[in-house]
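Step one of this worksheet: look at the structure below.
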Amino acid sequence: MRSAVVVGTGLIGTSVALALSARGVAVHLRDADPEAAGIAASLGAGTVEAPTAAVDLAVLAVPPALVGSVLADAQAAGVARHYTDVASVKAEPREDVVVLGCDTARYIGGHPMAGGEVSGPTAARADLFEGCTWVLTPTPDTGTETLNTALELVATCGGTPVVMAAAEHDRAVGLVSHAPHVVAALVAKRLAKAGERAVSLAGPGVRDLTRIAGGDPDLWVDILSANAGVVADILEELGSDLGDAVAALRAMAATDEAKRDAGRQCVDALLRQGRSGRRRIAGKHGIRPARYRTLGVVVGDQPGELARMFADADRSGVNIEDIHLEHSTGRLTGVVRLSVDQRAAPALEDALHSQGWRIQ
Numbered sequence: 431m432r433s434a435v436v437v438g439t440g441l442i443g444t445s446v447a448l449a450l451s452a453r454g455v456a457v458h459l460r461d462a463d464p465e466a467a468g469i470a471a472s473l474g475a476g477t478v479e480a481p482t483a484a485v486d487l488a489v490l491a492v493p494p495a496l497v498g499s500v501l502a503d504a505q506a507a508g509v510a511r512h513y514t515d516v517a518s519v520k521a522e523p524r525e526d527v528v529v530l531g532c533d534t535a536r537y538i539g540g541h542p543m544a545g546g547e548v549s550g551p552t553a554a555r556a557d558l559f560e561g562c563t564w565v566l567t568p569t570p571d572t573g574t575e576t577l578n579t580a581l582e583l584v585a586t587c588g589g590t591p592v593v594m595a596a597a598e599h600d601r602a603v604g605l606v607s608h609a610p611h612v613v614a615a616l617v618a619k620r621l622a623k624a625g626e627r628a629v630s631l632a633g634p635g636v637r638d639l640t641r642i643a644g645g646d647p648d649l650w651v652d653i654l655s656a657n658a659g660v661v662a663d664i665l666e667e668l669g670s671d672l673g674d675a676v677a678a679l680r681a682m683a684a685t686d687e688a689k690r691d692a693g694r695q696c697v698d699a700l701l702r703q704g705r706s707g708r709r710r711i712a713g714k715h716g717i718r719p720a721r722y723r724t725l726g727v728v729v730g731d732q733p734g735e736l737a738r739m740f741a742d743a744d745r746s747g748v749n750i751e752d753i754h755l756e757h758s759t760g761r762l763t764g765v766v767r768l769s770v771d772q773r774a775a776p777a778l779e780d781a782l783h784s785q786g787w788r789i790q
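And the structure:
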């Protein structure tokens, strides 16, 4: 791949353009908002100048509802030899592509499983897709050369390709992305109505749970509208489970001992099933997560403290498997939680203690 056009210079489109440009691909940027394209160009993502001939690949980084029409226009203008998109929903855009009579032999759907709460070109990074899953959803007649070009795009951006049917993809992302976003928004909505004293008690748990609720509402309305049926089905099932949880908790608050026992058993089963489901989420390097011991290191909120702590940890020779930073409410300290192999934890703990670090 030597040349590409990226249509849409938001977070994902600009990140794709930055990754391609960093590897020597000539990237041409297009956006309905010229200012956004200009910002992306100023970041080194490519040029706003139109290509003089058809490029190797056009990447459509537009909302799901626009994929079909943008693809039809691009193919009519002969923009590229091959086409893909990065929309987070695949079935509805696929239907639009067919209805509009697009050349499906030279098109393949795509969805990099990466992003963030902050949108726009200024949030883009060339390494955004490093190590991430990138789903490809070929049409029944997608050509081999088009598939290979899409695979080259994924490899160039550092992603890991996974080929799925469009409908299968939408059911999967409804479960692992779209429905969780709605749930996070519902929890965060309760915080919007809570008193200041209650919100001041918020810790890392509720921060983690509601983090994705900070996403762009306009973007998420587009995403959810394109996968509304799937998400509604998942939330309906979740609502049934939530009703069972409410009933069990009511029973736990009853005066009758038998009801309390039954309620406790239901809640215990729910929590155990939740933990079991959590363990199925892939961990480091995409493999089943291992059990680690976690050490909490109290770190002051001053420049250089994190670097000093990591340098001291490095001297122990212990490999740190995962890191999580928790801020302390109302205090100028935080806790860095270091996950390490259980057998290596004592060595790391001793090394940090010897340098004066307080371990929780």
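The numbering of the sequence shown is the working numbering, which starts it at 431 and goes up by one.
Don't be surprised by glycine CBs; every beta carbon is placed ideally from N, CA and C.
Source: prediction; values computed, not measured.
- Annotated three-state conformation of Trp-564 is strand, per DSSP.
- Assigned with DSSP and collapsed to three states, Asp-486 falls in strand.
- Between the alpha carbons of Val-489 and Leu-668 lies a gap of roughly 35 angstroms.
- A straight line joining the alpha-carbon of Gly-550 with that of Asp-557 spans about 16 angstroms.
- When DSSP states are grouped into helix, strand and coil, Ile-750 belongs to the strand group.
- Sequence-distant Cβ neighbours of Leu-577 in its own chain, meaning closer than 8 angstroms and more than five residues away, are Ile-538, Leu-566 and Pro-568.
- Judged by beta-carbon spacing, Ala-618 lies within the 8 angstroms limit of Thr-640, meaning their Cβ atoms are closer than that value.
- Here the alpha carbons of Val-766 and Leu-778 stand approximately 14 angstroms from one another.
- Here Ala-614 has Leu-639, Thr-640, Arg-641, Ile-642 and Ala-643 as same chain residues with Cβ atoms under 8 angstroms from its own Cβ, once five neighbours each way along the sequence are excluded.
- Residue nearest to Lys-520 within the set Gln-505, Ala-491 and Ala-507 is Ala-491 (criterion: CA-CA distance).
- In the three-state DSSP reduction, Leu-473 falls in the coil class, being neither helix nor strand.
- Taking the Cα positions, Arg-709 is about 10 angstroms away from Gln-703.
- By the C-beta density criterion, Pro-493 is buried, having at least 16 other C-beta atoms within 10 angstroms.
- In the DSSP assignment, Arg-767 is bridged to Gly-726 and His-754.
- Under the three-state reduction of DSSP output, Arg-432 falls in the coil class, being neither helix nor strand.
- If you look at Thr-444, you'll find it in the alpha helix (DSSP H) that goes 441-452.
- Per DSSP, the continuous alpha helix (DSSP H) segment holding Pro-776 begins and ends at 775-784.
- Closest in alpha carbon position to Cys-532, among Gly-764, Ala-553 and Thr-572, is Thr-572.
- For Val-661 against Ala-609, the beta-carbon gap comes to about 5 angstroms, under 8 angstroms, which counts as contact.
- At a Cβ-Cβ threshold of 8 angstroms, Tyr-722 and Ser-769 count as neighbours.
- Excluding its 5 nearest sequence neighbours in each direction, Ala-452 has C-beta neighbours in its own chain below 6 angstroms: Ala-556, listed in chain order.
- Boundaries of the alpha helix (DSSP H) harbouring Gly-498: 497-506, taken from the DSSP string.
- Less than 8 angstroms divides the Cβ of His-512 from the Cβ of Leu-487.
- Within its own chain, the residues whose Cβ lies closer than 7 angstroms to the Cβ of Glu-756, once the five positions on either side in sequence are excluded, are Pro-634, Gly-764, Val-765 and Arg-767, listed in chain order.
- Per the DSSP secondary-structure output, Thr-590 pairs in a beta bridge with Thr-563.
- Under DSSP, Thr-514 forms a beta bridge with Val-489 and Ile-538.
- Boundaries for Ala-677: no beta strand (DSSP E) harbours it, while the alpha helix (DSSP H) harbouring it runs 658-682, taken from the DSSP string.
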